[in-house]
């Protein structure tokens, strides 16, 4: 199991523990006769629900991304991780920027192929643009899921 998975599991367990504690505190406040503690109790119920929903969405995104990576790996379509790195292990930005054009061109040439968007997401990530990497990966996941629904 990778460090990332272990970290996600640990954080998820801590969040669930936090949600349980907040739920208990919320229940105590809701049972108070005054309006202000009741409103605070309701807020304490709502915030953990939003947090739990966010946690589930992010875990599902990670699982779907991992599934697509396994499919690409079995097809031999994962991008090769051969970019030069610093002694600390970080990818050298200039080399990532040079390689980026290839993946961008591939996605523009095949805009309906989730595989090209997956590889473009990896290129964004290598360039350090996490926001675009995530949004491009979401696009790839959504394209895959839409294609899977059409074939079933």
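Residue numbers (my numbering): 11 to 162.
Every residue, glycine too, gets a C-beta built ideally from N, C-alpha and C.
| message | Would residue 35 and residue 54 be called neighbours here (beta carbons separated by less than 8 Å)? | response | Cβ atoms of residue 35 and residue 54: closer than 8 Å.
| task | Determine contact between the segment 73-87 and the segment 109-123, defined as no fewer than three beta-carbon pairs at a distance below 8 Å. | result | no
| field | Closest by C-alpha distance to residue 80, when choosing among 151, 133 and 18 | value | 151
| said: If you measure between the beta carbons of residue 153 and residue 75, is that distance less than 8 Å? | reply: no
| query | Terminal residues of the continuous alpha helix (DSSP H) containing residue 47? | reply | 45-85 is the extent of the alpha helix (DSSP H) around residue 47.
| message | List, from N- to C-terminal side, the alpha helix (DSSP H) runs of 4 residues or more that fit wholly inside the segment 72-157. | response | Taken in chain order, the whole alpha helix (DSSP H) runs of length 4 or more contained in the segment 72-157 are 103-119 and 124-136.
| message | Please list the terminal residues of the continuous alpha helix (DSSP H) segment that includes residue 12. | response | For residue 12, no alpha helix (DSSP H) encloses it, and the DSSP letter there is neither H nor E.
| Beta-carbon spacing of residue 149, residue 127 below 8 Å | Going by beta carbons, residue 149 and residue 127 fall inside the 8 Å limit.
| said: With three or more beta-carbon pairs closer than 8 Å as the criterion, would you say the segment 118-133 touches the segment 45-53? | reply: Contact between the segment 118-133 and the segment 45-53 is absent: fewer than 3 CB-CB pairs across the two stretches fall below 8 Å.
| query | What's the C-alpha gap between residue 19 and residue 12? | reply | 11 Å
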